[in-house]
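Peer 1: Take a look at this one; I'll ask things after.
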Amino acid sequence: GGPGSPYGRRTVDDYLRAPFPWYGLDEAFTGPRRLMQVGTAADGAVEHGSIGHGDEPSVRNEHVAGDEQDAKEKFAVVVTVA
135 GGPGSPYGRR TVDDYLRAPF PWYGLDEAFT GPRRLMQVGT AADGAVEHGS IGHGDEPSVR
195 NEHVAGDEQD AKEKFAVVVT VA
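Following the numbering used here, the numbering of the sequence shown begins with 135 at its first residue and continues without gaps.
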(Lines of atoms letter the chains of each structure in order from A and count residues from 1; the text may use other names and numbers.)
(Lines give C-alpha, C1' and ligand atoms only; values in the text may rest on other atoms or scores of the structure.)
Protein backbone atom coordinates (compact mmCIF):
# COMPACT_ATOMS: atom_id res chain seq x y z
CA GLY A 1 0.00 0.00 0.00
CA GLY A 2 2.72 2.56 -0.84
CA PRO A 3 2.15 5.94 -2.49
CA GLY A 4 2.19 4.42 -6.00
CA SER A 5 -0.47 1.80 -5.26
CA PRO A 6 -4.21 2.43 -5.66
CA TYR A 7 -4.63 1.94 -1.88
CA GLY A 8 -1.89 4.50 -1.13
CA ARG A 9 -3.43 7.02 -3.52
CA ARG A 10 -6.89 6.54 -2.01
CA THR A 11 -5.48 7.13 1.48
CA VAL A 12 -3.80 10.39 0.42
CA ASP A 13 -6.97 11.54 -1.32
CA ASP A 14 -9.03 10.74 1.78
CA TYR A 15 -6.66 12.75 4.00
CA LEU A 16 -6.88 15.70 1.61
CA ARG A 17 -10.72 15.52 1.54
CA ALA A 18 -11.04 15.80 5.33
CA PRO A 19 -12.91 18.99 6.32
CA PHE A 20 -10.82 19.31 9.51
CA PRO A 21 -7.13 19.81 10.37
CA TRP A 22 -5.11 16.71 11.23
CA TYR A 23 -3.36 16.47 14.60
CA GLY A 24 0.32 15.61 14.44
CA LEU A 25 1.22 17.38 11.20
CA ASP A 26 2.87 20.43 12.76
CA GLU A 27 6.60 21.06 13.24
CA ALA A 28 6.61 19.72 16.82
CA PHE A 29 7.61 16.24 15.61
CA THR A 30 10.46 16.14 13.10
CA GLY A 31 10.83 12.37 12.64
CA PRO A 32 9.23 10.09 10.05
CA ARG A 33 5.43 10.04 9.71
CA ARG A 34 3.08 7.91 7.64
CA LEU A 35 -0.57 8.02 6.75
CA MET A 36 -2.35 5.05 8.23
CA GLN A 37 -6.11 4.68 8.11
CA VAL A 38 -9.06 6.95 7.31
CA GLY A 39 -12.62 6.27 8.45
CA THR A 40 -15.54 7.51 6.39
CA ALA A 41 -19.29 7.74 6.86
CA ALA A 42 -21.77 5.95 4.59
CA ASP A 43 -21.88 9.05 2.38
CA GLY A 44 -18.08 9.06 2.01
CA ALA A 45 -17.42 11.99 4.36
CA VAL A 46 -14.13 11.63 6.23
CA GLU A 47 -14.86 11.26 9.97
CA HIS A 48 -11.53 10.20 11.48
CA GLY A 49 -8.06 8.95 10.67
CA SER A 50 -4.65 8.14 12.06
CA ILE A 51 -1.06 9.14 11.37
CA GLY A 52 1.91 7.04 12.50
CA HIS A 53 4.96 8.75 14.01
CA GLY A 54 8.39 7.19 14.46
CA ASP A 55 9.93 3.92 13.35
CA GLU A 56 8.00 1.69 10.97
CA PRO A 57 6.40 -0.90 13.27
CA SER A 58 7.30 -4.52 12.61
CA VAL A 59 5.17 -7.59 13.09
CA ARG A 60 7.64 -8.87 15.68
CA ASN A 61 8.64 -6.47 18.43
CA GLU A 62 12.20 -7.23 19.50
CA HIS A 63 11.75 -5.54 22.89
CA VAL A 64 11.60 -7.98 25.78
CA ALA A 65 11.27 -7.30 29.49
CA GLY A 66 13.74 -4.69 30.58
CA ASP A 67 14.41 -0.99 30.59
CA GLU A 68 12.39 1.14 28.15
CA GLN A 69 15.70 2.47 26.82
CA ASP A 70 16.30 -1.02 25.41
CA ALA A 71 13.25 -0.89 23.15
CA LYS A 72 14.22 -1.31 19.50
CA GLU A 73 11.16 0.42 18.03
CA LYS A 74 9.78 3.84 18.87
CA PHE A 75 6.33 4.37 17.39
CA ALA A 76 3.15 6.29 18.22
CA VAL A 77 -0.20 6.78 16.49
CA VAL A 78 -2.04 10.11 16.50
CA VAL A 79 -5.80 9.82 15.92
CA THR A 80 -7.92 12.76 14.76
CA VAL A 81 -11.72 12.64 15.09
CA ALA A 82 -13.99 15.21 13.44
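For every residue, glycine included, the Cβ atom is placed at its ideal position computed from N, Cα and C. Only a predicted model underlies this, so the values are computations on that prediction, with no experimental measurement involved.
Just to confirm my understanding: we take Val213, look at its own chain, exclude 5 residues before and 5 after, and list those with CB closer than 7 Å. What are they?
Peer 2: The residue labelled residue 213 in the question sits at position 79 within the sequence shown. Only His182, Ser184 meet the Cβ criterion.
Peer 1: On the DSSP letters alone, give me the boundaries of the beta strand (DSSP E) that Leu169 sits inside.
Peer 2: By 1-based counting over the sequence shown, the position of residue 169 is 35. Unbroken beta strand (DSSP E) run through Leu169: 167-174.
Peer 1: Since Asp177 contacts Phe209 with CB under 8 Å, what's their CB separation in whole angstroms?
Peer 2: In the sequence shown, residue 177 corresponds to position 43, counting from 1. In the sequence shown, residue 209 corresponds to position 75, counting from 1. Going by Cβ atoms, the distance from Asp177 to Phe209 rounds to 33 Å, so no, they are not a contact pair.
Peer 1: Could you pull out every residue in the same chain whose Cβ sits closer than 6 Å to the Cβ of Gly272, ignoring the five residues on either side in sequence?
Peer 2: Nothing about residue 272 can be reported from this structure: the residues present for the chain run from 135 to 216 only.
Peer 1: Rounded to whole angstroms, what is the Cα-Cα separation between Pro166 and Asp160?
Peer 2: In the sequence shown, the residue the question calls residue 166 occupies position 32. In the sequence shown, the residue the question calls residue 160 occupies position 26. In a straight line, the C-alpha of Pro166 is about 12 Å away from that of Asp160.
Peer 1: Start and end of the beta strand (DSSP E) containing Ser184?
Peer 2: On the sequence shown, position 50 is the one that residue 184 refers to. First-last of the beta strand (DSSP E) with Ser184: 180-188.
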